[in-house]
Structure formats: structure tokens, C-alpha cells
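Numbering (the numbering used here), first residue to last: 199 to 383.
And the structure:
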């Protein structure tokens, strides 16, 4: 069983990105992994904006990265790049915070025009942080993520299957092949 840190870089409290990550967290948990969610928006803004490396919340977030075997990074795409909120956290991490880690990059957005944001904006930063293995990521259109009145999340079938595949590839890459279960999306 691997420990997975699931990081949402969305600034919105009603975030599709965060809800999608929590949906995938359930899949990873069912496959035997321990998943720790981290919503960057809950960290103190002053600590992020003033680059307060010693702030207890930043120290605690950095420790979560250190403890994780794998990291799922989810972000909404704004102007063809990952969120500034996510950037503010990544900038505070040690230079090789992802050394030895397997990383799954995910993004959400309103248009397929931003589909390359994972490969051209986020992946280079994850690589520079020393990620041992960055698995194929996935971009999900906002219109493919529906939240019901009761809070349940539904992912359109055309997006759900490939999203499940990249999540399962990430799970396998963590090296815990014996616990991988067939889980329906």
C-alpha cells in the first residue's frame, strides 16, 4: 500500500477540480492506497503570498509531500496554465520535493484549447522538482463533470474511462500491483 498525496490547486470552494480529485481518491483508496487530500486554498494566503517557508501550515504541507510515495496534482487551467494558487505552493517546496515520487498530473478547463497545459506548463515544473516518474496525465472538460443536488459527482462516459485508465496506470506505477482491483468508474 502506497501513500498518495492528492493536491487540489483550485482556488474555488465549489471546485470541479477538487471534486474530481476526491472522486479519484476513492478509486485509489479502493485499490489499497492511503490517500491524503490537500486543498491548497485552505493554506493561509499570507504564508503563500509572502513565501513564508517557516509558517507551520507550509511546513506541514511540505511534510505531506515528503511522506508521500505518490502525488496527484489537480488544477484548473486559466489562460493556458495551471493555477497561480498551485504555483504559489510549488514555489515554496524544496528544490527536489518530488524526488523519488510518482506523479499524476490532472487538469480541468472549459475548452480543449487548454489540453496541452499539462505537458507544456505543469509537467516541466513537476520534472524540475525531481519527480521520479510522471505518468500520463489527463485533461477533463468542465462540461464533462456534473455535480448533483446531493453532491454526487458524475463524469461523462467519454471522459470517465480514460480518467480511470490514467488513474490505474498511476496506481500500477506506484509499484503496488498486487492490490490493484478492477473498480468501476
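Where is the CB? At the ideal position from N, CA and C, for every residue including glycine.
inquiry  = Check for me: the alpha helix (DSSP H) holding residue 360 runs from which residue to which?
reply    = 355–371
inquiry  = Just to confirm my understanding: we take residue 347, look at its own chain, exclude 5 residues before and 5 after, and list those with CB closer than 7 Å. What are they?
reply    = none
request  = Hey, could you find the ends of the beta strand (DSSP E) residue 227 is sitting in?
outcome  = No beta strand (DSSP E) contains residue 227, which is instead part of the alpha helix (DSSP H) from 214–228.
query = Three-state secondary structure (DSSP) at residue 140?
reply = Outside the shown range of the chain, which is 199 to 383, sits residue 140, and nothing can be said about it.
query = In three-state DSSP terms, what is residue 294?
reply = coil
task = Say whether the region 251–264 touches the region 219–229, bearing in mind that this needs 3 or more beta-carbon pairs closer than 8 Å, one atom from each stretch.
result = no
task = Tell me whether residue 308 sits in a helix, a strand or coil according to DSSP, three-state version.
result = coil
inquiry  = My output table needs one value for residue 273: the three-state DSSP class, helix, strand or coil.
reply    = strand
task = Could you name the residues of the same chain whose beta carbon sits closer than 6 Å to that of residue 365, not counting the 5 residues immediately before and after it, in chain order?
result = 222, 225
query = Which residue from 292, 211, 302 puts its Cα closest to that of residue 238?
reply = 211
request  = Out of 321, 200, 291, point me to the one whose CA is closest to residue 263's CA.
outcome  = 291
Euclidean distance between Cα positions of residue 322 and residue 336 = 15 Å
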